[in-house]
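For reference, the structure discussed in these notes is given below.
Numbering (this note's numbering), first residue to last: 1359 to 1813.
Below you can see the structure in the form of C-alpha cells.
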C-alpha cells in the first residue's frame, strides 16, 4: 500500500502504521504543535496496551516538554478516563495514544481540548496549521517543566459513575458477568470495576499486553468466545470492550450477541425511563432509538458519524443520553460527554437490578430491527455524484442529508454515505423484517450499480 494511505490526519487525530508512517519524529512534532496550540500548561497523556505505546508515549513527552508543557502521565488507561482527567486535574487538554479498534500495528494520537472532549473540525484544522508552520516555539532548558505521573485517574472516573447509579441495588443483585477485555485497557480495570459493583466476574482476553487475541472491533462476528463463556457459565450477561475501553457490545444470557446497535437503545430506554430528555445519535443508528424516545415523549436529533459530532450536538440541545449505534458507543453526559464502556456497563446492570428482569427479557420488549450493509468501491467524486442524484430523486421523502442521504420510511430506512477513510460508498438498510431490509438493499443496490456505470 502507498505510504500516504498508511497515515490518516483528520478530525479524529493522527493515525498510522508504526514504523512505517507513524514514527517517533512525527509524533514528537505533532505533540509539540499540540502543546503550542493549547498554550502550554498541564497536558494529560494516557495510552492503551499496544506494544508501541511506551515508545509513542516517550515521543509525546519529548514534544510537550520542548514547548513548555507539563505532561501528566496517566499510564495505561481507558480513553474516557483520559477525557475525565482533563476536568479533574484542570489540564489544558490531553493526548490519548490509541488506535482504538484498529489492529495492533496501528497507533494514533487523539487530541482532546480543555473541556475533555475531542477536537472538532475547526480545532483539528487549526492544529494542523500550527504543525505546518516552519518552526515550533521551543523553550529554553530552564523553562522545561517536570513530568508528573498520576495513579488515581480511573478511581476518579469510577467515583463519577457510582455517584450517578444505584450502587446498592446492583450489589444486592449479585450478577454473574462475563467480560471480554480484548487484551486492552479493560484487562486492568473491567474486573475490579464490576467486582466493586458486587458482580461475580469471568474475564477473557484479560492479559494487558496489546496482543489482541480476537479482532479488536466489538461486533458479533468477533465475539464467539464471549458468547460461549456466557452460555456455558450461566452468566446474566456478557460485556465486550474495544482496546481503549470506549465502545461496548452486549451478549445476552442465552449466549447470543445483541448487536452493537442495541447498546445505545438499552441506554436510552433506561435513562429516559428515569429522566425524559433529548437524545442524539449519529445518522447510522437504528430506528429503535426513535421508538424508545417516542414512548417517553422525547425527541431524537441526528448528527453526522463520529463521536465529536454526536457530542457537539448533544451539548447544543442539552441531551441527556446519546451515542453511535454503528459503533456500540454510549455517551452519558451525567458522567462525561464521551463514549464510555464503563458507564454503559453500569447503566445496563442498574437497569437489570431495578427492573428485576434479565437483559434477555428487557431486549425482547424493545423494538426489533434487521439491517443489511453493502459496499461499493468508487472514488469520492463518484460517490458524491451519486448521493447528489439520490437527494434530488427522493426529495419528496424529506431525506436527512447531513451525511450522505438517509431516507426514512414508516418502519424502515436506508442510508447511502461515502466512507471517510476508504475509496468506497456504503449502503445500509434497516427494517422490521429481514426480508424488507434485504429487498431495500437489493432495490437500492441495483440503482447505485446502474449509476456507477454511467459516465
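C-beta atoms are modelled at their ideal positions from N, C-alpha and C, and glycine is treated no differently.
Note that this is a predicted model, so its numbers are computed, not measured.
Asked: Which class does residue 1429 belong to by DSSP, given the choice of helix, strand or coil?; Found: strand
Asked: Are the beta-carbon atoms of residue 1664 and residue 1672 separated by less than 8 angstroms?; Found: no
Asked: What do you reckon, are the CB atoms on residue 1482 and residue 1368 nearer than 8 angstroms?; Found: yes
Asked: Does the structure place the segment 1602-1615 close enough to the segment 1452-1466 that three or more beta carbon pairs sit under 8 angstroms?; Found: yes
Asked: Is residue 1432 near residue 1400, with beta carbons less than 8 angstroms apart?; Found: no
Asked: Would you call the segment 1649-1661 and the segment 1796-1804 in contact, with 3 or more CB pairs under 8 angstroms?; Found: no
Asked: With respect to the beta strand (DSSP E) encompassing residue 1574, which residues constitute its N-terminal and C-terminal limits?; Found: That residue, residue 1574, is in no beta strand (DSSP E); it is neither H nor E in DSSP.
Asked: Provide the residue(s) that pair with residue 1735 in DSSP beta bridges, ordered along the chain.; Found: 1782
Asked: State the start and end residues of the unbroken beta strand (DSSP E) segment that holds residue 1660.; Found: 1658-1661
Asked: Enumerated in chain order, which unbroken segments of the alpha helix (DSSP H) with a length of 4 residues or greater are wholly contained in the segment 1589-1653?; Found: 1619-1632 and 1646-1653
Asked: Would you report the Cα separation of residue 1720 and residue 1710, rounded to the nearest angstrom?; Found: 8 angstroms
Asked: Of the residues 1641, 1635 and 1430, which one's Cα is nearest the Cα of residue 1507?; Found: 1430
Asked: Pick helix, strand or coil for residue 1362, following the three-state DSSP scheme.; Found: In this prediction, residue 1362 scores a pLDDT of 48, lower than 50, which makes its location untrustworthy; no coordinate-derived value is stated.
Asked: Tell me the DSSP bridge mates of residue 1538?; Found: 1562 and 1598
Asked: Could you name the residues of the same chain whose beta carbon sits closer than 8 angstroms to that of residue 1558, not counting the 5 residues immediately before and after it, in chain order?; Found: 1532, 1533, 1534 and 1535
Asked: Is it buried or exposed, residue 1394, if we count other Cβ atoms within 10 angstroms and call 16 or more buried?; Found: buried
Asked: If you run the structure through DSSP and keep just helix, strand and coil, what is residue 1723?; Found: helix
Asked: Measuring only the C-alpha atoms, how far is residue 1645 from residue 1716?; Found: 23 angstroms
Asked: May I have the straight-line CA-CA distance separating residue 1391 from residue 1736, to the nearest angstrom?; Found: 35 angstroms
Asked: Can you tell me whether DSSP reads residue 1476 as helix, strand or coil?; Found: strand
Asked: When we look at the beta-carbon of residue 1628 and count the other beta-carbons within 10 Å, is it buried (16 or more) or exposed?; Found: buried
Asked: Apart from the five residues just before and just after residue 1383, which ones in its own chain have a Cβ nearer than 8 angstroms to its Cβ?; Found: 1417
Asked: Classify residue 1511 as buried or exposed, calling it buried when 16 or more other Cβ atoms lie within 10 Å of its own Cβ.; Found: buried
Asked: When DSSP builds the beta bridges, which residues end up paired with residue 1774?; Found: 1763 and 1785
Asked: Where DSSP assigns a beta bridge to residue 1728, which residues make up the other side?; Found: 1789
Asked: Is DSSP giving residue 1454 helix, strand or coil here?; Found: strand
Asked: So, for residue 1362: in the same chain, excluding its five sequence neighbours on each side, which residues have a beta-carbon less than 7 angstroms away from its beta-carbon?; Found: Confidence at residue 1362 is low in this model, with a pLDDT of 48, below 50, so the placement of that residue should be treated as unreliable; the coordinate-derived value is given next. Around residue 1362: no qualifying Cβ.
Asked: According to DSSP, is residue 1587 part of a helix, a strand, or is it coil?; Found: helix
Asked: Considering only residues of the same chain and omitting the five flanking positions on each side of residue 1762, which have a CB-CB separation below 7 angstroms?; Found: 1745, 1773, 1774, 1775 and 1776
Asked: Please classify residue 1496 as buried or exposed, where buried requires at least 16 neighbouring CB atoms within 10 angstroms.; Found: exposed
Asked: Which whole runs of the beta strand (DSSP E) in the segment 1662-1688 are 3 residues long or more, in chain order?; Found: 1679-1682
Asked: With a cut-off of 8 angstroms, do at least 3 Cβ pairs link the segment 1549-1557 to the segment 1515-1531?; Found: yes
Asked: Are the beta-carbon atoms belonging to residue 1521 and residue 1442 less than 8 angstroms from one another?; Found: no
Asked: Reducing DSSP to helix, strand and coil, say where residue 1423 ends up.; Found: helix
Asked: May I have the straight-line CA-CA distance separating residue 1705 from residue 1502, to the nearest angstrom?; Found: 43 angstroms
Asked: Using the Cα positions of residue 1820 and residue 1698, report the straight-line distance between them to the nearest angstrom.; Found: Since the first residue of the chain shown is 1359 and the last is 1813, residue 1820 is not available in this structure.
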